[in-house]
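In what follows, a single structure is set out as structure tokens and then discussed.
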Amino acid sequence: METVTLTVKQVPDLYLECENVNPDAFAGKTAEQIAKMGAYQGKEISTLGEFFTIAGNAGATAADTKIVINGDCTKMKYIGAKMTAGEVVVNSACDMYTGSWMKGGKLTVNGDVHSFCALAMAGGEFTINGNAGNYLGAAYRGDWRGMSGGVLRVKGNAGSDVASFMTGGTMIIDGDVDIHLGTHMEGGKIILKGNANRRVGGQLVKGEIYVFGKINVMMPGYKPSGEVDLEVDGTKATFIDYTGDLGERHPKRKGATVYGHLFMKK
Amino acid sequence: MSEYIIKNGHVFDPVQGIKGDKKDIAVKDGKIVEKVSSSAKVIDAKDKTVMAGALEVHAHVAGPKVNAGRWYRPEDKHFDSHKKPGITRIEGGKSIPTVFKTGYEYARMGFTFAMEAAMPPLYARHVHEEIHDTPIIDEAALPVLGNNWFIMEYLKNNEVENTAAYISWLMRQTKGYGVKVVNPGGTEAWAWGLNCLTIHDPVPYFDITPAEIMTGLMTANEYLGLPHSMHVHQNDLGNPGNYKTTIETLQLAEGVKPKNTFGREQVMHSTHLQFHSYKGTNWGDFESAAKEVMDYVNKQKNITIDTGNVTLDETTTMTADGPFEHHLHGLNHLKWFNVDVELETAAGVVPYIYDPNISVCAKQWCIGLEIALMAKDPMRCFITTDHPNAGPFTRYPRVYSWLMSKKVRDERLNTFKNADKVIGATYLANIDREITLYELAQMTRAGPAKCLGLMKDYGGLKAGMNADIAIYDINPDKFPSDGPAIEKAFGNAAYLFKDGRICVEGGKVVDMGQKKTFWVDAKVPENKQVMHDVREKFLRYYSVNENNYPVPESYAPHQHIITVDATKA
Amino acid sequence: MPKDVTDVICPFCGTLCDDVVVTVSDDNKTILSVKNACAIGAEKFNHQRLPGRVKRPRMRQPDGTYKEVSYDEAIDWTAKMLVKSRKTLMYGWASTSCQAMSIGHEIAEKVGGIVDNCATVCHGSSLIAIEDVGVPSCTLGEVKNRADRVIFWGCNPAHAHPRHMSRYSIFPRGFFTVKGHKGRKIYCVDCRYTDTAKCADTFIQVQQGFDYELLDAFRTAARGEALPDTVGGVPKEKIYEVVEELKGGRFGIIFFGMGLTHTMGRNHNIDEAICLTRDMNDFTKFVIMAMRGHWNVTGSGQVLGWQYGFPYAVDLSRRDQARHQTGETTSVDLLNRNEVEACFYIATDPGAHFPINAMISSSKKPTVTIDPHINCTTEISDVHIPVAMVGVEVGGCAYRMDNVPIETRKVVEPPEGMLTDEEVLTKINNRVDELLAKGGA
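If you're matching them up, the sequences are chains A, B and C in order.
Each residue of the first sequence is one higher than the last, beginning at 0 in numbering that gives the first Met the number 0.
Each residue of the second sequence is one higher than the last, beginning at 0 in numbering that gives the first Met the number 0.
Each residue of the third sequence is one higher than the last, beginning at 0 in numbering that gives the first Met the number 0.
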């Protein structure tokens, strides 16, 4: 695997659209060629070379390419978005759309990310060693297809509207979340190690949510249906199994109604 | 205006019976002429196909539900909104393109006219605002009338003259083109959450049946002598077993005679027939009834149809058939938009994915193609996708490739996930017919022009007709054998002339032309009863004042008014 | 002789009452009286003749004062600002015509603007919800002619849409509603006992911030599932009782307003209300409608819809594509994050409605405001271009809250020499073309 190292040399005035910063776009290019790739700041087209010092050439394919980014990326959008393979490590906080529409590969952010990250993520591993903003792993506006695959880990807290319209994959959040976790969920698994504010699993059709901490207010459409002993992400514990959202439609399989499950750690 | 001479092209013109012969076409002052001066610009069409501009007979391209479909589906264009170099604006949307993209894409495919298939009268101003903003192509819109309170009240008492007078008044208010019927009676029933699934189900409160509404409107249409016939979206759309209702509806035309001065020979246009040609009792035993339906269509000469070809895409369904969209939402659970329009109609919108791996979708694809391939008279069967219901109109080139090449369509058919099951439930595998370029010109030019009452100016290349000319990079002697090549040629006209101006060159839009809005002004004897009823309904039941109902002149700055006189009828 | 102009469309709220009669002076210059309009609507017409109206553009001077300048000078300054700025917020549009919007969008596409309307601080959350789950709705005449169950949830038309209840929703007698008010059951759900609640047969007081839970409880009850004893302060017995009454109606409608759009969860409250409406269609006919506030904000969404496919917050900054993301390309977020370099405001007053931090950010950027009146925003602008009042001094198309468009009427002449929005925007557009042809500002 070849490594391309990007070091921020100029922080953009506005926000820089880094849709070219991912292994798929870099694959097969030399450092010089990468420096000439475009990046928008409003209507102004700049090059990556104007904002980054670029060292090392990319591998022949995305899978053979690793990108390491150093310096302040708080005003950079779309890093690692749509990546299908390879690896990206960002040693900074990042702005919106980091790792969105990601299909494969490995993305690590050693810092916080803003909103709309991992939007409609379909595969790969995405680790955020900081906090995440709103709409983490949610669907793009209007879409009914949110996060559908892969593994997303957040070491810190996440905001509101996390995992809206999730249909598959696994999301693990070590910290707390604000309101609306797993709204309209139709599959997949959310493991929340901390607390949730309110509105967990509202309008949920299918899927599983595990909560280790507390929920301030439970949704009215959930009812307890017993206790189960489970091992969840390495933790063995007893959970209360709530089925819901009973206000929402639910599919039938072989004549039986399939409900969503909210497991609350005892 | 400039003069042009298009030389050496292979001309296909059903109006003059030209079947691919090399013939020069002369253009002057926006019209096709016999000859031009020596200073005329020469367009070399050697090894190319020359046809009249195509006409869209039925598409949802402008108006409130189309726009709802646009703005409530940001995901339909999040990655599909681009500006091409040149004079064009940003073009967005896959299944429901923006107005700019709509005009450009039709032009790039060689179209010069499109009929908006359903205009809710109360929203006519919205429809015309969008038509106004759609570049290049000429357009008209059909007001929906099959669930209109005036119409139902008059027809309940067999008052054809009052019906005709009301239609005449409404077309003037809305700048409408003809009589559209969508799920007659069923959409009014939907205002109470109900439906009319057969043509004999009584409409709640109004005490009339869909069959009576359609027969009455057909009669009124011919009383007025409108350029287009009654244009009907039948009851019970999209349900297994509906073909019996379909044939029963078509039979309503038996014995009705066309009466007009436009050369139109049909009294009923039955639209998107694919959705109405289903056998079976449920989605499990669902199969094609294309043969049964087309056997009837082929022998009944006073009806025309269009196909409604499924294109196997993710799309957005939209129709004034309100109860159908509710039903569809119940099947796929995708976001449901609905609006009921006071005294007039309703509309619904639901996204839909025609997944080739699902055998129902694959069978629908077969049925649409079968209808076109079983049509004996290409002058009475037109190709549509009921845009965007069965797929976006931008897929026409792909539909043509399936119709014109057995190889291309068999490749698709045989690679369906459940190919055996699909083939077993349809006729397509056993059909060898390939639509020829001449037949294509009939099904997309001369045919729709005649059906819409526009054959004087549109659909042909005879001297005196509009210089709307599409030139494709297709050598008829070496017709492309693979799908993508056919698609590319039909999707990127080498030239498109609109009213004698080159609007597309090499697939690129180079001129916005001067689009026209068509509407029909039907003169009837003064009718005090109808005017009294109009006044009363506005005072008591409408939510806008009568004086704020008409479409102002400024909404159609380049209007083309077709006048008919029914005062002596 | 004074004369009456009839069928006039009120220029105030999204109800777009079109039965106003305005008496004007013989010379077509002065409005003498206004009939049929509500107090707010009438006042809007009266603004036309208020003394002290600004009649020529004004430009901010180094000492902070405004100086009168010519239209040409103001337009030149504006065009240069737009051409220079790498990303411009172009916000407002709600009090102008669709025709004017179209010209504005053309400018935005050339200069890289982000076009946003006041849905962004109003019913934008409703639009997000509709993007997510659709909406079963109808025109206002349907309510008048058919509705026998009317719910006002988090809205107060008695104050915000004064003629709504008499024209459409509570009192009118329609085709199937010959008994008018007596034939309808009116519900009001709110955290306060409002003047609208006083007109209701049933008032349900929901604890603030619990609308989502209460709506979910209605849905749960409609499916016959069990509920906790109270939800959002409402006893479960009441919830079951109301749900049964709603199911028993022939045609129900939910009207909702800021009480849902701007309380906790915002779009999710609307989303859940829409889903309740959808569920109720399994039992009877049910529809839902947003009480759109600002006059033609609906029209802005429509024009943006047919031109770009998004209802508001349309980011054209790259000039080669249109994008839309509430939370990113919305005005308040753009200002709070300092994502734009210049501000262009038209036909709306963000200074009066945006959060203070957003306006502090805005005040530090080059700013142009096009508005007939002096308002909070003109006070932090570099240039103020006064224009004729749309719907009073010039006509143009506007969309009602149920998306019905109405061509509005001109009732009097604007002050002499005053340009309209369309004229000003056309001149800016032409000036932008000239500047771009020369290679920039």
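Note that beta-carbon positions come from the ideal geometry of N, C-alpha and C, so glycine has one too.
What you are looking at is a predicted structure, and each value in this text was computed from that prediction instead of being measured.
Task: Reduced DSSP secondary structure (H/G/I, E/B, other) of P161/C - done: coil
Open item on the list: Looking at R85/C: is its Cβ nearer than 9 angstroms to the Cβ of K42/A?
Closed with: Yes. Within cutoff.
TODO: Compute the Euclidean distance between the alpha carbons of T260/C and C121/C, then round it to the nearest angstrom.
DONE: Each residue's CA atom was taken as its position, placing T260/C and C121/C some 7 angstroms apart.
Task: Contact with chain A by V230/C, beta-carbon distance below 9 angstroms - done: yes
Open item on the list: So the candidates are Y395/B, T414/B, G458/B and V407/B; which of them puts its Cα closest to the Cα of D481/B?
Closed with: V407/B
Task: M0/C burial status per 10 Å Cβ neighbour count (16 or more: buried) - done: Exposed, since its Cβ has fewer than 16 Cβ neighbours within 10 Å.
Open item on the list: I'd like the span of the beta strand (DSSP E) that includes N417/B, first residue to last.
Closed with: Counting along the chain, N417/B falls outside any beta strand (DSSP E), and DSSP gives it neither H nor E.
Open item on the list: At the level of alpha carbons, what is the spacing between G390/C and K409/C?
Closed with: 6 angstroms
Open item on the list: Bridge partners for G91/B per DSSP, in chain order?
Closed with: S80/B
TODO: Could you give the DSSP three-state label for M400/C: helix, strand or coil?
DONE: coil
Task: Short-range partners of chain D found in the region 179-211 of chain A, where Cβ spacing is below 7 angstroms - done: In the displayed structure, chain D is absent; the protein chains listed are A, B and C.
TODO: Answer yes or no: does any C-beta atom of chain A fall closer than 9 angstroms to that of E422/C?
DONE: no
- [ ] Taking M317/B as part of the beta strand (DSSP E), name the residues at either end of that continuous run.
- [x] E313 to T318
Task: Euclidean distance between Cα positions of L225/B and I470/B - done: 32 angstroms
Open item on the list: Rounded to whole angstroms, what is the Cα-Cα separation between N144/C and L538/B?
Closed with: 12 angstroms
Open item on the list: Buried or exposed for F78/B, going by 16 or more other Cβ atoms inside 10 Å?
Closed with: exposed
- [ ] With 9 angstroms as the threshold, decide whether the Cβ of W100/A is near any Cβ in chain C.
- [x] no
Open item on the list: Using only the alpha-carbon positions, how far apart do T64/A and E31/A sit?
Closed with: 16 angstroms
Task: Interfacial residues, the region 35-46 of chain A to chain C, with Cβ spacing under 9 angstroms - done: Y39, Q40, G41, K42, E43 and I44
Open item on the list: Three Cβ pairs or more, each shorter than 8 angstroms: is that satisfied between the region 376-389 of chain B and the region 306-321 of chain B?
Closed with: yes
TODO: Please report how far the alpha carbon of G367/B lies from the alpha carbon of V114/C, in whole angstroms.
DONE: 41 angstroms
Open item on the list: Taking CB distances under 9 angstroms as the criterion, tell me whether I169/C reaches chain B.
Closed with: no
Task: Those residues which DSSP pairs with L154/B across a bridge - done: Its beta-bridge partners do not exist; DSSP assigns none.
TODO: With 9 angstroms as the C-beta to C-beta threshold (strictly closer), list the residues of the region 327-360 of chain B near chain A in chain order.
DONE: H332, L333, K334 and P350
Open item on the list: According to DSSP, simplified to helix, strand and coil, what is L31/C?
Closed with: strand
TODO: Output the residue ranges of the alpha helix (DSSP H) runs that lie fully inside the region 452-492 of chain B and measure 4 residues or longer, sorted by chain position.
DONE: 482-490
Open item on the list: Mapping the DSSP letters down to three states, classify Q558/B as helix, strand or coil.
Closed with: strand
Task: Within chain C, the residues that F99/B reaches when beta carbons sit closer than 8 angstroms - done: Q306
Task: Enclosing alpha helix (DSSP H) for S361/C [first to last residue] - done: Unbroken alpha helix (DSSP H) run through S361/C: I355 to S362.
Task: Residue-level contact to chain C via CB, M146/A, 9 angstroms cutoff - done: It does not; no Cβ of chain C falls within 9 angstroms.
- [ ] Count the CB pairs spanning the region 82-102 of chain B and the region 32-43 of chain B that are closer than 8 angstroms, and state whether there are at least three.
- [x] no
Task: Given 8 angstroms, three or more beta-carbon pairs between the region 131-147 of chain C and the region 270-282 of chain C - done: yes
Open item on the list: Here's a check: name, in chain order, each residue in its chain whose Cβ is nearer than 7 angstroms to the Cβ of M293/B, leaving out the five neighbours to either side.
Closed with: I370, M373 and A374
Task: Q299/B to A113/B span [Cα, whole Å] - done: 26 angstroms
TODO: Report the residue from V53/C, D3/C, T407/C and T366/C whose alpha carbon sits nearest the alpha carbon of F11/C.
DONE: T407/C
TODO: Helix, strand or coil for Q265/B, going by three-state DSSP, please let me know.
DONE: coil
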